[in-house]
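Below: one structure, written as structure tokens.
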Amino acid sequence: MSKASQVQHTGVRREELEEQEKKLMERMSKIKHKVAVISGKGGVGKTVVTVNLAVAFAKKYDPGKVGILDADIHGPCVPRMLGMKGDILRVSPLGAFPATGPLGIKVVSIDFLLPDQETPVIWRGPLKTSAIRQFLSDITWGELDLLLIDLPPGTGDEALSVMQLIPEMDGVIIVTM
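Going by my numbering, the letters in the sequence shown line up with residues 3 to 179, in that order.
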């Protein structure tokens, strides 16, 4: 068998993908409820709904038990809405950890990895899928009562990736105008 047949279209070896899948399932098993927030078009308030739900549930649950994955790779704005401009993901020998926002809300966003808010992210499908997979598998979310996934408009790569990577999704909130 040639080595090329063992490489996926993202350039990641099959063994690495299997290991990442195992880590993803382990991380997701520690999260009681996973809910995606989606819409058919932009500007309808997905992120506003996501952030307000996170704040409401953070007040209800213990601190640090609510998380948001900002899966809008091209237009991340959860950090800005939570006043987390300039925050970063924490990295230690134990792994990478979400940034902590108001009321202990754990937040992961591509925005935390960019040098500034003006830096564009010009990625195609495989890179976006890989980033979302890494956010879910490589970030140490810990035990959460709720993980909200803020998706970009439409049913593109990000939404499809999240639905495939988290088959045990507890719900999807569809925001319309």
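Backbone N, C-alpha and C fix where the C-beta goes; we use that ideal spot for every residue, glycine too.
Three-state secondary structure assigned by DSSP to residue i
i	result
R82	helix
L148	strand
T121	coil
I90	coil
T102	strand
L19	helix
K34	strand
C-beta contact flag for residue i and residue j at 8 Å
i	j	result
V164	L153	yes
K48	V57	no
A101	D89	yes
T178	S41	yes
CB-CB length for residue i against residue j, believed under 8 Å
i	j	result
E145	K32	5 Å
I151	A60	Wrong, their Cβ atoms sit about 16 Å apart, outside the cutoff.
R135	L26	7 Å
Nearest-angstrom Cα separation, counted from residue j out to residue i
i	j	result
W143	K87	20 Å
Answer yes if the region 80-88 comes into contact with the region 111-118, meaning at least three C-beta pairs across the two stretches below 8 Å, and no otherwise. Three or more Cβ pairs drawn from the region 111-118 and the region 80-88 lie within less than 8 Å of each other, which places the two stretches in contact.
Any contact of the region 55-70 with the region 114-124, i.e. 3+ C-beta pairs under 8 Å? Flag = no, the region 55-70 and the region 114-124 do not touch.
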